[in-house]
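> Quick one: the structure is below, and I'll ask about it shortly.
Protein chains: 2
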Amino acid sequence: MDKSKQTNLKTLAKELNLSISTVSKALRDSYEIGQETKNKVKALADKLNYEPNPFASSLRRKQSKTIAVIIPEISNNFFSLAIDGIQVIAQEMGYHVLTYLTHEALVNEISTINHLRNGRVDGVLISICSENGNNSHLSVLDEIDIPVVFFDRVYEASSFAKVTTDDYESGFKATEHLIEAKCKRIAFLFASKHLSITNKRMNGYINALEKNNIPFDPRLVVECNNDNDQSLQIVKDFLLSDNRPDAIFASIEKLAIATYHVCREINIRIPQDLKVISFSNLRTASLLAPPLSTITQPAFEIGREAASILFRQIEKRDLKDYPDRVVLKSTLIPRESTFF
Amino acid sequence: MDKSKQTNLKTLAKELNLSISTVSKALRDSYEIGQETKNKVKALADKLNYEPNPFASSLRRKQSKTIAVIIPEISNNFFSLAIDGIQVIAQEMGYHVLTYLTHEALVNEISTINHLRNGRVDGVLISICSENGNNSHLSVLDEIDIPVVFFDRVYEASSFAKVTTDDYESGFKATEHLIEAKCKRIAFLFASKHLSITNKRMNGYINALEKNNIPFDPRLVVECNNDNDQSLQIVKDFLLSDNRPDAIFASIEKLAIATYHVCREINIRIPQDLKVISFSNLRTASLLAPPLSTITQPAFEIGREAASILFRQIEKRDLKDYPDRVVLKSTLIPRESTFF
Chain A
1 MDKSKQTNLK TLAKELNLSI STVSKALRDS YEIGQETKNK VKALADKLNY EPNPFASSLR
61 RKQSKTIAVI IPEISNNFFS LAIDGIQVIA QEMGYHVLTY LTHEALVNEI STINHLRNGR
121 VDGVLISICS ENGNNSHLSV LDEIDIPVVF FDRVYEASSF AKVTTDDYES GFKATEHLIE
181 AKCKRIAFLF ASKHLSITNK RMNGYINALE KNNIPFDPRL VVECNNDNDQ SLQIVKDFLL
241 SDNRPDAIFA SIEKLAIATY HVCREINIRI PQDLKVISFS NLRTASLLAP PLSTITQPAF
301 EIGREAASIL FRQIEKRDLK DYPDRVVLKS TLIPRESTFF
Chain B
1001 MDKSKQTNLK TLAKELNLSI STVSKALRDS YEIGQETKNK VKALADKLNY EPNPFASSLR
1061 RKQSKTIAVI IPEISNNFFS LAIDGIQVIA QEMGYHVLTY LTHEALVNEI STINHLRNGR
1121 VDGVLISICS ENGNNSHLSV LDEIDIPVVF FDRVYEASSF AKVTTDDYES GFKATEHLIE
1181 AKCKRIAFLF ASKHLSITNK RMNGYINALE KNNIPFDPRL VVECNNDNDQ SLQIVKDFLL
1241 SDNRPDAIFA SIEKLAIATY HVCREINIRI PQDLKVISFS NLRTASLLAP PLSTITQPAF
1301 EIGREAASIL FRQIEKRDLK DYPDRVVLKS TLIPRESTFF
């Protein structure tokens, strides 16, 4: 079928200079839309022989009893714990869970979201990938017109509900913890500048330095990436440079693990030569050599909370009562890697 | 609706004393079924007003382009890597992946499999839970009449394809590795005696002892369970008893982690006082204090292989050509925890 010949919500919206969501609501006779707009939309829909996607409508009526969870990766303690939390609620509610992995690639995130157009799911939980993009594909989620909840890695500009942790406060606390351990040259390691969680954690870091009268040195902010081998090399080059820090604050777990590997390789002693703290849900943090100080996010609870909000929206209970934003607290657990 | 009043394939099969699969094939006019049987089945179906499940049939025709993956847990490095492998193939093939977690509970496994009756998926990948059961619920998978592949934790009696690792050989090698490190009292820790992988690993352990003329002592075979706190206590009681071993071979990763925690608590030095080796996909194995010797399963490859076989069956390519059983090799990686 020639797609360009098909009339869909997008065609109607473009023609009428309205949002897709308005067109969709007008066709469903929503009380939110004025009669004049409804008449205009319906007239054009008739003229262009608009047919709603039958599979989508059928499932919209019957409910698919399925939700989608879109996450960057699964071999990651944070996300596997969050999924555990989501599954507990889904099982209670009698829903199936479709899990999609984007592997941090925008192209996969786009194709996954486009897949969902066909009405296969009643709701979406999403933690966005770290690759740069203009986020325009996320507007498809508005268009599909089903409940969506962002968790952890959220798209701040979106109107959907968001469940996060106190990333700014945790970034601030982790940095102050290192300052209390007499560190002067504290580095901040991150993997993606496109994520709001990265920026919040970094702002916490910068403000904690400022509050403690430690000049901010941009050369101590080190960008790694999602490739483990490349990140190892970046951390190694950094620790071998003249610009060597006396502490590392890793904004994600895998950069702390990279730091440990590099320190072992080039004989930097933790914590004597370098103190390390990291955002992490690693179950073996206390068994590492030395035990790793962590900012531990309540990953299971984030999943549970995001799923609860989604199901309240899907089942339309407490229609006006579900929160737009939930912020859960992370915990700083000091261990030997920051002893002084 | 009163379910007992509904006529389904099971009712017909019971009434006619035929298998559900035969009834299903008869109703679909399969060449595999004789005309007489077809007539009998169709007559009874008419008499009892049998209606095929419309959702199931519609999807059977259209294909749901979805597979189900049923696993015990996800915050486990083995399963999260296996899922990564499955997802790679599913994305290549353009399929969606429904992930179900049984949390090691038979009741969840049964309800998940029953959920799949409605034709929601084109195929199933399953790694069974560790709870005891007579496995009768697994026959539902035969009844649904779609491709199924077991991976890692397989049900040996089933006729479906199975992808596993060389558990017996790995159990044997791990034990010989400890014997070479001069250990005489080697304990075997496990969590579920109902899994064939446990038994294979234990048989490898027993035969390696025998081959090396070390008498098998059943008091050194210690049953733990899936509750972390309970397992910690069992390992602690064991290591504090008169029956203390000089080495531990943990058949699953979480029991090695429990052993490390206990040794730290009661001041047993690894490897001086106790050597430890474990089946494990822990990414931090080399960073632990001390680094943990592991038998590492090719988890990603197991997932990829199981998914490949499933899709070849779903798409009916090479109809007689897909293997019944694939056994992949694990790798023994010696580290400090078994140094002598």
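Chains as they are written, first to last, in our numbering: chain A, 1 to 340; chain B, 1001 to 1340.
Just so you know, even glycine gets a beta-carbon here, dropped at the ideal spot from N, CA and C.
Look up Ala1068 of chain B in the DSSP assignment and give the residues it is bridged to.
On the second sequence, position 68 is the one that residue 1068 of chain B refers to. DSSP output for Ala1068 of chain B lists B:Leu1098 and B:Val1124 as bridge partner(s).
> Is there at least one Cβ from chain A nearer than 9 Å to Asp1046 of chain B's Cβ?
Locating residue 1046 of chain B in the second sequence gives position 46, counting from the first residue. No, no contact with chain A.
> With a CB to CB cut of under 8 Å and the five nearest residues on each side skipped, what residues in its chain are close to Pro323 of chain A?
Mapped onto the first sequence, residue 323 of chain A falls at position 323. If we look at Pro323 of chain A and ignore the five residues flanking it on each side, its Cβ neighbours are Ala161 and Ile309.
> Of the residues B:Asp1152, B:Ala1208, B:Ile1197 and B:Ala1187, which one's Cα is nearest the Cα of Glu1176 of chain B?
To locate residue 1176 of chain B, count along the second sequence from 1; it is residue 176. Of the listed residues, the one whose Cα sits closest to Glu1176 of chain B is B:Ala1208.
> What are the start and end residues of the beta strand (DSSP E) that includes Ile1248 of chain B?
Stepping through the second sequence from its first residue, residue 1248 of chain B is reached at position 248. Note, Ile1248 of chain B: beta strand (DSSP E), Ala1247 to Ala1250.
> With C-beta atoms as the reference, is Ile295 of chain A less than 9 Å away from Thr338 of chain A?
Working through the first sequence from its first residue, we reach residue 295 of chain A at position 295. Working through the first sequence from its first residue, we reach residue 338 of chain A at position 338. Result no, Cβ atoms of Ile295 of chain A and Thr338 of chain A do not sit closer than 9 Å.
> Closest to Ser130 of chain A by C-alpha separation, out of A:Leu282, A:Lys10, A:Glu301 and A:Asn225, would be which residue?
Within the first sequence, numbered from 1, the residue matching residue 130 of chain A stands at position 130. Of the listed residues, the one whose Cα sits closest to Ser130 of chain A is A:Asn225.
> Look at the Cβ atom of Thr112 of chain A, then the Cβ atom of Tyr95 of chain A, and state whether they are nearer than 9 Å.
Position 112 of the first sequence, counted from the start, is the residue given in the question as residue 112 of chain A. Position 95 of the first sequence, counted from the start, is the residue given in the question as residue 95 of chain A. Cβ distance not < 9 Å, so Thr112 of chain A and Tyr95 of chain A don't count as in contact.
> For the alpha helix (DSSP H) holding Phe1151 of chain B, just list the boundary residues, first then last.
In the second sequence, counting from the first residue as 1, residue 1151 of chain B sits at position 151. Element bounds for Phe1151 of chain B: not the alpha helix (DSSP H) but the beta strand (DSSP E), Val1148 to Phe1151.
> In whole angstroms, give me the CA-to-CA distance for Ile144 of chain A and Leu116 of chain A.
Reading the first sequence from its first residue, position 144 is the one you call residue 144 of chain A. Reading the first sequence from its first residue, position 116 is the one you call residue 116 of chain A. The straight-line gap from Cα to Cα measures roughly 8 Å.
> Is Ser293 of chain A helix, strand or coil by DSSP?
Here residue 293 of chain A corresponds to residue number 293 of the first sequence, with the count starting at 1. It is a strand residue.
> Pull up the DSSP beta-bridge partners for Ile1186 of chain B, would you.
For this step, residue 1186 of chain B is matched to residue 186 along the second sequence. Ile1186 of chain B is bridged to B:Ala1247.
> Who pairs with Ser280 of chain A in a beta bridge, going by DSSP?
One-based indexing of the first sequence puts residue 280 of chain A at position 280. Note: Ser280 of chain A sits in no beta bridge, so no partner.
> Under 8 Å Cβ to Cβ from Ser1021 of chain B, same chain only, skipping five residues before and after it: list those, please.
By one-based count along the second sequence, residue 1021 of chain B stands at place 21. Here the set comprises Asp1142, Glu1143 and Asp1145.
> Would you mind sorting Gln35 of chain A into buried or exposed? The rule is 16 or more other CB atoms within 10 Å of its CB.
Mapped onto the first sequence, residue 35 of chain A falls at position 35. It is exposed - the Cβ of Gln35 of chain A has fewer than 16 other Cβ atoms within 10 Å.
> How would you label Asn1213 of chain B, buried or exposed, when you count the other beta carbons within 10 angstroms and need 16 or more for buried?
Mapped onto the second sequence, residue 1213 of chain B falls at position 213. Asn1213 of chain B is exposed by the Cβ-count criterion.
> Smallest Cα separation from Leu240 of chain A: which of A:Val262, A:Gln297 and A:Ser231?
As a first step, residue 240 of chain A is located in the first sequence; it is residue number 240 there, counting from the start. Among A:Val262, A:Gln297 and A:Ser231, the Cα nearest to that of Leu240 of chain A is on A:Val262.
> Return helix, strand or coil for Pro200 of chain A, following the three-state DSSP convention.
Locating residue 200 of chain A in the first sequence gives position 200, where the first residue counts as 1. Residue 200 of chain A is actually Lys in this sequence, not Pro. The answer is helix: DSSP assigns Lys200 of chain A an H, G or I state.
> Can you find a C-beta in chain A that's less than 9 Å from the C-beta of Arg1335 of chain B?
Here residue 1335 of chain B refers to the residue found at position 335 of the second sequence. Chain A, which has no Cβ nearer than 9 Å to the Cβ of Arg1335 of chain B, makes this no.
> So, helix, strand or coil for Lys193 of chain A, using DSSP?
Taking the first sequence and counting its residues from 1, one reaches residue 193 of chain A at position 193. Coil.
> For the segment 1064 to 1078 of chain B, list every residue whose C-beta sits within 8 Å of some C-beta in chain A, in sequence order.
Against chain A - using a Cβ distance shorter than 8 Å - the residues of the segment 1064 to 1078 of chain B are Thr1066, Glu1073, Ile1074, Ser1075, Asn1076 and Asn1077.
> For Leu220 of chain A, which of A:Phe190, A:Arg120 and A:Thr198 has the nearest alpha-carbon?
Residue mapping note: residue 220 of chain A aligns to position 220 of the first sequence, counting from 1. Nearest option by C-alpha distance: A:Phe190.
> How is the beta strand (DSSP E) around Thr1331 of chain B delimited, first residue to last?
As a working mapping, residue 1331 of chain B is identified with position 331 in the second sequence. Unbroken beta strand (DSSP E) run through Thr1331 of chain B: Thr1331 to Ile1333.
> Hey, how far is the Cα of Ser57 of chain A from the Cα of Asn1203 of chain B?
Here the question's residue 57 of chain A lines up with position 57 in the first sequence. Here the question's residue 1203 of chain B lines up with position 203 in the second sequence. Legend: pLDDT at Ser57 of chain A = 43, less than 50; position of this residue unreliable, value from coordinates given subsequently. Spanning the two alpha carbons is a distance of roughly 56 Å.
> State the CB to CB distance for the pair Ile1179 of chain B and Ser1127 of chain B, rounded to an integer number of angstroms; the pair is presumed to be in contact (CB under 8 Å).
Mapped onto the second sequence, residue 1179 of chain B falls at position 179. Mapped onto the second sequence, residue 1127 of chain B falls at position 127. Ile1179 of chain B to Ser1127 of chain B, Cβ: 31 Å. No contact.
> How big is the Cα-Cα spacing for Val1140 of chain B and Glu1032 of chain B?
In the second sequence, residue 1140 of chain B corresponds to position 140, counting from 1. In the second sequence, residue 1032 of chain B corresponds to position 32, counting from 1. Approximately 21 Å, taken between the alpha carbons.
> Need the endpoints of the alpha helix (DSSP H) that Arg1349 of chain B sits in, please.
One cannot answer for residue 1349 of chain B here, as it falls past the ends of chain B, which runs 1001 to 1340.
> Can you name the residues of chain B whose CB is closer than 7 Å to the CB of Thr99 of chain A?
For this step, residue 99 of chain A is matched to residue 99 along the first sequence. Correct list: Val1097 and Thr1099.
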